[in-house]
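Reading through the structure tokens given below for one structure.
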Amino acid sequence: MNVALALLWKDLLCEWRSRDRLVAMIVFSILVVVVFQFAWPAAPKEQTEALAPGVLWVIYLFAALLGLGRTFTLELENDALTALALAPGTRGFIFLGKAAASFVLIAAVQAMTAFVFALFFRLDWLDAAGGLALVVALADVAIVSVGTLFSAMSARSRFREVLLPVLLIPSLIPVLASAVRATAATLGGEALTLAALQPLVVIAGIYAILGFLLFDPVLDE
Amino acid sequence: MTTRATMGSDAKPGAALPGAVALLGWILALLAPIYAWTVWKAPLDDVQGVMQKILYVHPPLAYGAYLGFVVTAIAGGLFLWRGRERDDLLAIAAAEVGTIFCTLMLVTGPIWARGAWGPGNWWVWDARLTLTLLLWFVYLAYLLLRSFTEGDERAARFASIYGIVGVVLIPLNYWIIDLVGGRAQHPENIERGSLGPGMGLPFVVGNLTLFFAFAYLLLLRWHTAIEEAGRVNGEEPKDAA
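Just so you know, the protein sequences line up as chains A and B, in that order.
The first sequence begins at 204 in this note's numbering and counts up by one.
The second sequence begins at 578 in this note's numbering and counts up by one.
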């Protein structure tokens with residue numbers, strides 16, 4: 204567990220000092236919001252509200268892909284990944300540390316994006332902020348779980364920028380489908396029921412277990 | 578392919594494999610004409626006409642596609658556990674044959690849909706169709722991962738992991754897509770007695786033939802891969818059956 208905490212701290216500290224991934228993801232997300240402003244049909248407010256959850260999650264998905272693609276780039280320098288693999292203890296905890304750091308980073312970018320999105324499209328999301336945060340947090344657990352696992356694989360492959368989305372998107376379809384549904388319910392003013400969150404809880408649980416267990420052979424060399 | 582040696586040279590062709598390939602080949606050669614004959618002789622459907630005969634091809638292809646994925650995942654799991662190259666070669670073979678079956682299923686489905694549901698209706702976002710399309714993408718991603726990863730041992734390890742995640746995705750995706758409201762436009766699975774008179778035999782023969790076609794292609798591909806690996810590892814190739 205100490206390995207996980209140490210890695211989380213290391214990753215967040217590196218990110219805080221360079222702010223590379225954070226800045227790139229935020230700029231990218233806001234740019235896509237702007238792109239949608241131009242791609243969006245001039246529609247009445249109800250239609251905008253109906254489209255918003257789906258569009259928001261498309262932006263979240265692509266921003267997450269951007270960030271996850273660079274999860275292990277720092278470790279590739281000076282062969283730090285080998286040193287990481289030699290760390291004592293279960294390698295699943297290395298996975299947990301890396302995934303937790305990505306979670307913090309992605310969640311920060313998503314909060315920022317939601318704020319800008321609501322501002323630009325004149326949507327009032329303040330009342331639903333708590334529910335939205337819960338939905339996003341659950342979906343993020345699923346996204347960073349498979350994302351960290353596949354990122355560790357694609358980082359050491361050719362065409363890694365292309366490979367990660369190809370590997371990741373099919374496994375994120377169930378996350379996206381249930382997250383959009385739960386987000387639409389929350390933003391529509393419905394109270395979040397356990398039934399609405401159940402798919403996300405199940406997927407997040409399965410993906411986190413898979414990531415924890417399957418990370419060990421990824422680091423074998 | 579030079580890094581293959583790092584995996585050890587356990588990929589020796591067993592004596593049983595060429596025999597099994599030959600046996601399956603003969604069974605398939607016997608079944609194929611019977612299959613063609615029964616489909617030709619099967620009565621025409623009153624409503625759908627000749628289009629209904631896709632039924633004798635499409636569902637059996639689906640079983641092959643799913644079976645391929647399950648074999649890929651099991652063989653991948655065995656490779657991660659035992660580290661034997663043979664298991665990994667079986668996983669690739671199953672993924673390749675599965676991709677072919679999945680592609681053919683995705684091609685035959687819309688042809689039937691266009692005929693049955695009317696012009697323009699090539700595709701609906703029904704749970705089963707969506708799942709199959711995603712499965713096809715997972716297969717492609719699996720094959721891309723193999724070709725983009727440097728080092729055969731590493732490619733085998735990564736692909737095994739992806740294969741296991743992929744097989745978990747099948748029930749998960751089906752559940753979620755169904756939940757989110759995929760319209761169930763795809764016909765239900767054939768139930769006992771729901772086929773018209775004279776249609777049961779070609780359906781059963783079709784399933785049998787395509788199952789043997791799957792098994793034959795799988796073992797043939799596996800055997801070829803083992804032979805190739807043996808050659809790369811510097812062993813004398815043994816004669817096939």
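Positions of the beta carbon are idealized from the N, C-alpha and C atoms, including for glycine.
Quick caveat, the model's predicted, so the values are computed rather than measured.
- Whose C-alpha, out of A:Pro373, A:Lys248, A:Arg361 and A:Leu329, is nearest the C-alpha of A:Gly350? The count along the first sequence starts at 1 and reaches residue 350 of chain A at position 147. The option with the nearest alpha carbon to A:Gly350 is A:Pro373.
- Query: Looking at the C-beta of B:Ala818, does it have a partner C-beta in chain A at a distance below 8 Å?
  - Reply: Taking the first residue of the second sequence as position 1, residue 818 of chain B is located at position 241. Here the model assigns B:Ala818 a pLDDT of 37, short of 50, so the residue's position is not dependable and the matter cannot be decided.
- Would you say A:Leu208 and A:Gly300 are within 8 Å of each other, going by their C-beta atoms? Taking the first residue of the first sequence as 1, we reach residue 208 of chain A at position 5. Taking the first residue of the first sequence as 1, we reach residue 300 of chain A at position 97. Going by C-beta atoms, A:Leu208 is nearer than 8 Å to A:Gly300.
- Message: Quick check: the stretch 341-356 of chain A against the stretch 697-714 of chain B, are at least 3 beta-carbon pairs closer than 8 Å?
- Response: no
- Task: Please go through the stretch 684-728 of chain B and give each complete beta strand (DSSP E) segment of 3 or more residues, from N-terminal end onward.
- Result: none
- Find the nearest neighbour of A:Val312 within the set A:Phe298, A:Leu284, A:Phe320 and A:Met228, judged by alpha-carbon distance. Residue mapping note: residue 312 of chain A aligns to position 109 of the first sequence, counting from 1. The candidate whose alpha carbon is nearest that of A:Val312 is A:Met228.
- With 16 as the cutoff for other CB atoms within 10 Å, does A:Ser354 come out buried or exposed? Sequence index remark: in the first sequence, residue 354 of chain A carries index 151 (1-based). By the 10 Å Cβ count, A:Ser354 comes out buried.
- Message: For a contact defined as C-beta to C-beta under 9 Å, what are the partners of B:Ala806 on chain A?
- Response: In the second sequence, the residue the question calls residue 806 of chain B occupies position 229. Within chain A, no residue comes near B:Ala806; the closest Cβ sits about 20 Å away, beyond 9 Å.
- Could you check what DSSP says for B:Gly626 in three-state terms: helix, strand or coil? In the second sequence, residue 626 of chain B corresponds to position 49, counting from 1. Three-state result, B:Gly626: strand.
- Query: Do the CB positions of B:Ala650 and B:Ile741 come within less than 8 Å of each other?
  - Reply: Locating residue 650 of chain B in the second sequence gives position 73, where the first residue counts as 1. Locating residue 741 of chain B in the second sequence gives position 164, where the first residue counts as 1. Yes. Within cutoff.
- Item | Beta-carbon proximity list for A:Thr386, same chain, < 6 Å, skipping 5 on both sides | One-based indexing of the first sequence puts residue 386 of chain A at position 183. Hits under 6 Å: Pro256 and Val338.
- Anything in chain A within Cβ reach of B:Ala718, meaning under 7 Å, just list it in chain order. For this step, residue 718 of chain B is matched to residue 141 along the second sequence. Residues of chain A passing the Cβ test: Val369, Leu370 and Pro373.
- Start and end residues, alpha helix (DSSP H) containing B:His635: Against the second sequence, residue 635 of chain B aligns to sequence position 58. Looking at the DSSP string, the run of the alpha helix (DSSP H) that includes B:His635 is His635 to Arg659.
- Message: Can you check whether the C-beta of A:Ser305 is within less than 8 Å of a C-beta belonging to chain B?
- Response: For the purposes of this step, residue 305 of chain A is identified with residue 102 of the first sequence, where counting begins at 1. It does not: the Cβ of A:Ser305 has no partner Cβ on chain B nearer than 8 Å.
- Looking at B:Leu666 and B:Ile803, is the spacing between their C-beta atoms short of 8 Å? Numbered from 1 along the second sequence, position 226 holds the residue referred to as residue 803 of chain B. Numbered from 1 along the second sequence, position 89 holds the residue referred to as residue 666 of chain B. A contact, by the Cβ cut-off of 8 Å.
- Report the rounded CA-to-CA distance for A:Asp330 versus A:Val236, giving the unit in angstroms. The count along the first sequence starts at 1 and reaches residue 330 of chain A at position 127. The count along the first sequence starts at 1 and reaches residue 236 of chain A at position 33. Rounded to whole angstroms, A:Asp330 to A:Val236 spans 21 Å at the Cα level.
- Query: Going by beta carbon distance, what residues of the same chain come within less than 7 Å of A:Arg224, once the five residues before and after it are set aside?
  - Reply: Here residue 224 of chain A refers to the residue found at position 21 of the first sequence. Cβ within range, chain order: Glu218, Gly270, Arg273 and Leu308.
- Going by the CB atoms, is the gap between B:Ala592 and B:Leu796 shorter than 8 Å? The residue labelled residue 796 of chain B in the question sits at position 219 within the second sequence. The residue labelled residue 592 of chain B in the question sits at position 15 within the second sequence. Cβ distance not < 8 Å, so B:Leu796 and B:Ala592 don't count as in contact.
- Of the residues A:Leu234, A:Leu277, A:Gln240 and A:Val258, which one's Cα is nearest the Cα of A:Leu215? Residue mapping note: residue 215 of chain A aligns to position 12 of the first sequence, counting from 1. For the residues A:Leu234, A:Leu277, A:Gln240 and A:Val258, the minimum Cα distance to A:Leu215 belongs to A:Leu277.
- Message: Check whether the stretch 245-261 of chain A and the stretch 362-369 of chain A touch, using three or more Cβ-Cβ pairs below 8 Å as the test.
- Response: no
- Message: With H, G and I counted as helix, E and B as strand and the rest as coil, what does DSSP make of A:Asp423?
- Response: Translated into the one-based positions of the first sequence, residue 423 of chain A becomes position 220. A:Asp423 falls in the coil class under three-state DSSP.
- Message: My assumption, with CB atoms under 8 Å, is that A:Trp260 sits in contact with A:Leu379. Please give the rounded CB distance.
- Response: To locate residue 260 of chain A, count along the first sequence from 1; it is residue 57. To locate residue 379 of chain A, count along the first sequence from 1; it is residue 176. Right, the Cβ-Cβ distance comes to about 6 Å (below 8 Å), so this counts as a contact.
- My guess is that B:Phe791 and B:Gly641 are in contact by the Cβ rule of under 8 Å, so how many angstroms apart are they, rounded? By one-based count along the second sequence, residue 791 of chain B stands at place 214. By one-based count along the second sequence, residue 641 of chain B stands at place 64. Contact holds; Cβ gap of about 4 Å.
- When burial is assigned at 16 or more other CB atoms within 10 Å of the CB, is A:Met204 buried or exposed? Residue numbering aside, residue 204 of chain A sits at position 1 when the first sequence is read from its first letter. A:Met204 comes out exposed.
- Message: Pairs of beta-carbons, one from the stretch 392-405 of chain A and one from the stretch 291-306 of chain A, closer than 8 Å: are there three or more?
- Response: no
- Message: Taking the alpha-carbon of A:Leu403 as reference, which of A:Glu393, A:Leu375, A:Gly414 and A:Leu422 has the nearest alpha-carbon?
- Response: Sequence index remark: in the first sequence, residue 403 of chain A carries index 200 (1-based). When only C-alpha atoms are compared, the closest one is A:Leu375.
- Message: 8 Å is my cut-off, CB to CB: does A:Ala380 come that close to chain B?
- Response: Taking the first sequence and counting its residues from 1, the one referred to as residue 380 of chain A is at position 177. With 8 Å as the cut-off, A:Ala380 counts as an interface residue toward chain B.
- Task: Report yes or no: is there a C-beta of chain B within less than 8 Å of the C-beta of A:Val349?
- Result: The residue given as residue 349 of chain A occupies position 146 in the first sequence. It does: the Cβ of A:Val349 has a partner Cβ on chain B nearer than 8 Å.
- Message: For B:Ala716 and A:Asp327, I'd like the C-alpha separation in whole angstroms.
- Response: Numbered from 1 along the second sequence, position 139 holds the residue referred to as residue 716 of chain B. Numbered from 1 along the first sequence, position 124 holds the residue referred to as residue 327 of chain A. The question names Ala, but residue 716 of chain B is Tyr in the sequence shown. Going from the Cα of B:Tyr716 to the Cα of A:Asp327 covers about 42 Å.
- Task: Report all residues from its chain with a CB closer than 7 Å to the CB of B:Phe678; omit the five preceding and five following residues, and keep chain order.
- Result: Within the second sequence, the letter at position 101 stands for residue 678 of chain B. Here the set comprises Leu638, Gly641, Ala642, Gly645 and Phe791.
- Query: Between which two residues does the alpha helix (DSSP H) carrying B:Gly783 extend?
  - Reply: Position 206 of the second sequence, counted from the start, is the residue given in the question as residue 783 of chain B. From DSSP, the alpha helix (DSSP H) with B:Gly783 extends over Gly777 to Val809.
- Query: Which chain B residues sit within Cβ distance under 8 Å of A:Leu362?
  - Reply: For the purposes of this step, residue 362 of chain A is taken as the residue at position 159 of the first sequence. Before going on, a small fix: residue 362 of chain A reads as Phe here, not Leu. Residues of chain B passing the Cβ test: Phe725.
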